[in-house]
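First up is the structure itself, then whatever we jot down about it.
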Amino acid sequence: MNVDEIMQLTQFTDYSLRALMYLVEHPDKLCTIGEIADWYGISKPHLVKVVHNLAKLNYIKSVQGKGGGIALNKKPSDINIGRIVRDTEPNFHMVECFDVVNNKCKITNSCKLKHGGGDDFLFPYEYGEHQLRGSVFCC
18 MNVDEIMQLT
28 QFTDYSLRAL
38 MYLVEHPDKL
48 CTIGEIADWY
58 GISKPHLVKV
68 VHNLAKLNYI
78 KSVQGKGGGI
88 ALNKKPSDIN
98 IGRIVRDTEP
108 NFHMVECFDV
118 VNNKCKITNS
128 CKLKHGGGDD
138 FLFPYEYGEH
148 QLRGSVFCC
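The structure is reproduced here in structure tokens:
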């Protein structure tokens, strides 16, 4: 496959997936946007928009006020990866880790999204074979 043919997810979708993965890792507490942004080294203002969208799409719940934060609104096994991408992506391009030169993602070595491309990539994710479980996206 030619490098020009590789699809790339928008940063918005990438951050959406990262936020959800972080919440899967911390199921017993409310997490803050600040701690997620700090963990991944990403823009807090951009993450605010991502979290707002994820709440609007009913993937997460938000608790306002002192001691508030965000948490998953569904069981990880009920969250379909393909659906997340389709809900957050205006087109289908792949994630930052496919760019060997500019990749700054902290989870590249353990991420299981590093294969496939395009609709062939999303096909198994769309039809329920891949959900959020445990600490990573699983089959």
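For our numbering, add 17 to where a residue sits in the sequence shown, where the first one is 1. Cβ coordinates follow ideal geometry from the N, Cα and C atoms, glycine included.
Starting from the C-beta of residue i, find all residues in its chain whose C-beta is less than 6 Å away, skip the five residues before and the five after it, and write them out in chain order.
i	result
Gly-133	Low per-residue confidence applies at Gly-133: pLDDT is 44, beneath 50, and the placement is therefore not dependable, though the value from the model is reported in the following sentence. Result list for Gly-133: empty, nothing under 6 Å.
Ala-72	Ser-79
Please state whether DSSP places residue i in a helix, a strand or coil.
i	result
Asn-120	coil
Gly-51	helix
Lys-73	helix
Gly-58	coil
Leu-64	helix
Ser-79	strand
Using a Cβ-Cβ cutoff of less than 7 Å, which residues in the same chain neighbour residue i once the five nearest sequence positions on both sides are dropped?
i	result
Val-80	Leu-47 and Gly-86
Asn-90	Asn-75, Tyr-76, Ile-77 and Lys-78
Ile-53	Ala-36, Tyr-39 and Leu-64
Residue j and residue i - do their beta-carbons sit closer together than 8 Å?
i	j	result
Ser-33	Thr-105	yes
Pro-14	Val-41	No answer is possible for residue 14: the residues shown for the chain start at 18 and end at 156.
Ala-36	Val-68	yes
Gly-51	Lys-123	no
Under a Cβ-count criterion, where at least 16 other Cβ atoms within 10 Å of its own Cβ denotes burial, should residue i be classed as buried or exposed?
i	result
Val-118	exposed
Gly-82	exposed
Gly-84	exposed
Figure out for me which residue from the options has the closest Cα to the Cα of residue i.
i	options	result
Ala-88	Gln-28, Phe-29 and Asp-45	Asp-45
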